[in-house]
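> Below is a structure I'd like to ask you about.
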Amino acid sequence: MRQWGPVAGVVALVSLLLMGIGLFWLADEAHYRGCIARVNATYPAVPVSAFAGSKTATGPVKVSFVNERTKALKDCSHF
């Protein structure tokens, strides 16, 4: 059993290192998804009504936040 001591130590060290990297990765992904969710809540991806250019057509005209949404999404990043 003594011969496996150093190997077990290396395996344990590598396992701890990989778990730390995995936890960091999960935290980073949660941060990124939270940023995307905030952007979606602030600037919803609403389709623009087909009647937006017509002055005689009736129906709801929805506001499009394309520029604001694009800028806010560029601010979201990993790491």
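FYI, in our numbering the residues of the sequence shown are 8 to 86. Think of the CB as a built atom: it goes at the ideal place given N, C-alpha and C, for glycine as much as any other residue.
(1) Would you check if the distance between the CB atom of Phe72 and the CB atom of Tyr39 is smaller than 7 Å?
(2) What residue does the alpha helix (DSSP H) around Tyr39 start on, and which one ends it?
(3) By how many angstroms is the C-alpha of Val21 removed from the C-alpha of Trp11?
(4) Could you tell me the distance, in whole angstroms, from the CA atom of Gly27 to the CA atom of Ala34?
(5) Can you tell which of Ala52, Ser84, Phe86, His85 has the C-alpha that lies nearest to the C-alpha of Asn74?
(6) So which of Leu25, Ala37, Arg45 has the shortest CA-CA distance to Ala79?
So, from the listed chains and residues:
(1) Walking along the sequence shown from the start, residue 72 turns up at place 65. Walking along the sequence shown from the start, residue 39 turns up at place 32. Not closer than 7 Å, so no.
(2) Working through the sequence shown from its first residue, we reach residue 39 at position 32. For Tyr39, the enclosing alpha helix (DSSP H) covers residues 12 to 49.
(3) The residue you call residue 11 lines up with position 4 of the sequence shown. The residue you call residue 21 lines up with position 14 of the sequence shown. The straight-line gap from Cα to Cα measures roughly 15 Å.
(4) As a first step, residue 27 is located in the sequence shown; it is residue number 20 there, counting from the start. As a first step, residue 34 is located in the sequence shown; it is residue number 27 there, counting from the start. A straight-line Cα-Cα distance of about 11 Å links Gly27 and Ala34.
(5) Numbered from its first residue, the sequence shown carries residue 74 at position 67. Among Ala52, Ser84, Phe86, His85, the Cα nearest to that of Asn74 belongs to Ala52.
(6) Your numbering for residue 79 matches position 72 in the sequence shown. For the residues Leu25, Ala37, Arg45, the minimum Cα distance to Ala79 belongs to Arg45.
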